[in-house]
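First comes the structure, then the notes that go with it.
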Amino acid sequence: MSLFTTARPFVIAGPCSAETREQVMETAAALSAMGVQLFRAGVWKPRTRPGQFEGNGAAALEWLQEAKATYNLPMTIEVAEPAHIELALKYGMDALWIGARTTVNPFQVQHLADALRGVDIPVMVKNPVNTDVDLWMGAIERFEAVGIKEVAAIHRGFSGYGAAGGYRNQPNWPIPIELKRRRPELMMICDPSHITGKRERIGEIAQKAMDMHFEGLMIETHPRPDEAWSDAAQQVTPEKLQEILSTLVVREEYTTDMSGVMQLEYLRQLMDSIDSEIIDLLAKRMELSGKMGEVKRDCNMTAYQPARWREMVEKCAERAELHLLPKEFIVALYEKIHDESIRQQLAILEDKGKLKLKSENP
Ligand code: PEP
Ligand code: MN
């Protein structure tokens, strides 16, 4: 029987770390009463710096085994080494997850996949810490290649310098969306705890994940979050988890409401025609840019003129405001368009250089 049920969201909850037997049992009692489908806990913790709590190892596995038997609650832990897999299987864990710092390393992922050859257990692969969809997919493929039948992806955000947008790890939604585009059947789970790093924002990101059609959520839960031995700021109590889940609005990808379907079809056709116009206009813009490149070349001017670009950014921002569009979005879009224009004009300038060289050396 498959562990991952189809009802959305599939909920995985439990503490960042299994700290004590009492903490594990207390959390599992509350979560199983709420109907959480899978209990998570860290047994070996990947800590950024040495000297911090690194998990209770095999002792914690005994507590998880006891909680599983007492509350009939399936269990999942992070594994980062083949020896972890051996112990996880020995203690009857029901699913494994691969941490973000492991997914980045294809050698290590392959060691783990080799240790799972011929084993029937679901594996959830967290995104690598860097924004590389191929690396994420590659790790997933390594587990599939050794015969793991139930593989899921966990989106936990990506490292960046500083805390832009107030996140602990940047969500970079286009990355999980691209993974799902390439692998539509893949179960996608969002981990709002590690994305936000703050318990206050978990509900907001969980809702966003539902609206992006994720299938599951992994949320760190602790009976007394402020006393947690790791990731205290991002854990919620089981009661808070209940509240977050009960206020989620779960929308469907498709609807059987025919009037909704017709309206959407009509709006999609309008949008498709606007998209075609945007591309036609971009082609015209590029043509103009090419002509400007020729003038710049003939007048010995640089392709890029900082003052002109500053003026364009201001104009774009003003126009965006007029339509109540976010300035940052329009400016970022124009940066891309402008970069391409400059790239083409540079090629025109460079061609002139080549022509000159040729005429100098017939
Ligand atoms: C965790 O889930 O506790 C964890 C360490 O996650 P990540 O690999 O996403 O940092
Ligand atoms: Mn954690």
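Residues 5 to 366, numbered by the working numbering, are exactly what the sequence shown covers, in order.
Beta carbons: idealized from backbone N, C-alpha and C, even for Gly.
Residue i: buried (16+ other C-beta within 10 angstroms of its C-beta) or exposed?
i           : result
residue 283 : exposed
residue 330 : exposed
residue 188 : exposed
residue 32  : buried
residue 354 : exposed
residue 14  : buried
residue 197 : buried
residue 19  : buried
residue 162 : buried
residue 64  : buried
residue 76  : exposed
residue 254 : exposed
residue 266 : exposed
residue 173 : buried
residue 88  : buried
residue 366 : Because the pLDDT at residue 366 is just 48, under 50, the model does not fix this residue reliably, and the value given afterwards should be weighed accordingly. Exposed, by the Cβ-count rule.
residue 332 : exposed
residue 123 : exposed
residue 263 : exposed
residue 300 : buried
residue 326 : exposed
residue 274 : exposed
residue 100 : buried
residue 80  : buried
residue 343 : exposed
residue 270 : exposed
residue 49  : buried
Identify every residue that forms a DSSP beta bridge with residue i.
i           : result
residue 101 : 82 and 128
residue 18  : 224
residue 147 : None; residue 147 has no bridge partner.
residue 162 : 174
Along the chain, where does the beta strand (DSSP E) containing residue i start, and where does it finish?
i           : result
residue 44  : 42-44
residue 159 : 155-159
Among the candidates the options, whose CA atom is the shortest distance from the CA of residue i?
i           : options               : result
residue 336 : 351, 326, 318 and 350 : 318
residue 160 : 153, 179 and 154      : 179
residue 228 : 5, 11 and 34          : 34
residue 295 : 349, 328 and 242      : 349
residue 83  : 67, 70 and 112        : 112
residue 7   : 290, 97, 58 and 45    : 97
residue 257 : 247, 248, 268 and 250 : 268
residue 115 : 90, 95, 5 and 94      : 90
residue 297 : 347, 314 and 244      : 347
residue 170 : 206, 191, 150 and 154 : 206
residue 74  : 150, 43 and 124       : 43
residue 238 : 21, 10 and 9          : 21
residue 367 : 48, 108, 324 and 60   : Nothing can be reported for residue 367: it is not among the residues displayed for the chain, which extend from 5 to 366.
residue 232 : 38, 57, 78 and 48     : 57
residue 38  : 93, 203, 241 and 23   : 241
residue 217 : 181, 230, 144 and 53  : 181
residue 186 : 142, 303, 351 and 10  : 142
residue 230 : 202, 176, 220 and 139 : 202
residue 144 : 314, 302, 190 and 312 : 190
residue 368 : 278, 343, 234 and 280 : Nothing about residue 368 can be reported from this structure: the residues present for the chain run from 5 to 366 only.
residue 110 : 177, 236, 93 and 85   : 85
residue 338 : 61, 320 and 78        : 320
residue 1   : 314, 293, 316 and 220 : Examination of residue 1 is not possible in this model, given that the chain is present from 5 through 366 alone.
I need the boundaries of the alpha helix (DSSP H) containing residue i, first residue and last residue.
i           : result
residue 194 : Element bounds for residue 194: not the alpha helix (DSSP H) but the beta strand (DSSP E), 191-194.
residue 289 : 262-302
residue 251 : 242-251
residue 31  : 25-38
residue 71  : 62-75
residue 202 : Premise fails: residue 202 is in no alpha helix (DSSP H) and is neither H nor E.
residue 115 : 110-119
residue 313 : 310-326
Please look up how many angstroms separate the CB atoms of residue i and residue j, rounded, as I've assumed it's under 8 Å.
i           : j           : result
residue 133 : residue 105 : 6 Å
residue 67  : residue 25  : 4 Å
residue 102 : residue 130 : 6 Å
residue 209 : residue 193 : Contact doesn't hold; Cβ gap of about 12 Å is too wide.
residue 157 : residue 183 : 6 Å
residue 71  : residue 28  : 5 Å
residue 252 : residue 211 : 6 Å
residue 345 : residue 290 : 7 Å
residue 118 : residue 150 : 7 Å
residue 397 : residue 214 : Given a span of 5 to 366 for the chain in the structure shown, any question on residue 397 remains unanswerable.
residue 225 : residue 245 : 5 Å
Check whether the Cβ of residue i sits closer than 7 Å to any heavy atom of ligand 4, and report yes or no.
i          : result
residue 20 : Ligand 4 is not part of the structure shown, which contains ligand 1 and ligand 2 as its ligands.
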